[in-house]
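Here the structure is laid out as structure tokens; the discussion comes afterwards.
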Amino acid sequence: MTEDALAALYPPFGLRVTAGDITLRVLRDSDLPSYAELISSPLFADENAHHVFDWWTKAPPASAA
């Protein structure tokens, strides 16, 4: 299915927000392999850096499991 056909069926697929060289758009099925690769790699090069959030480095409480 083409991008135009998807946008005709579900208008958010036609929405793009661009600022400079960055474009935001709806995640598509064809994006999933790249997305899976991205989220399987470490988010921060140094997890002890000052800009890393506390919730990232701490284990969730036992009640959340």
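Going letter by letter, the sequence shown gives residues 346 to 410 in our numbering.
Here a beta-carbon is modelled for each residue, glycine too, at the ideal position from N, C-alpha and C.
* In this structure, what does DSSP give as the bridge partners for I367? -> Here residue 367 refers to the residue found at position 22 of the sequence shown. Per DSSP, the beta bridge partners of I367 are A364.
* Residues near L369 in its chain [Cβ-Cβ closer than 6 Å; skip 5 each side] -> Counting from one through the sequence shown, the residue named residue 369 turns up at place 24. Cβ neighbours of L369 beyond the five flanking positions: V362.
* To do: May I have the straight-line CA-CA distance separating N393 from K403, to the nearest angstrom?
  => What you label residue 393 is simply residue 48 of the sequence shown in a count that begins at 1. What you label residue 403 is simply residue 58 of the sequence shown in a count that begins at 1. Answer to the nearest angstrom: the Cα atoms are 11 Å apart.
* Whose C-alpha, out of A407, L372, H396, A364, is nearest the C-alpha of F358? -> Here residue 358 corresponds to residue number 13 of the sequence shown, with the count starting at 1. Nearest to F358 by C-alpha distance, out of A407, L372, H396, A364, is L372.
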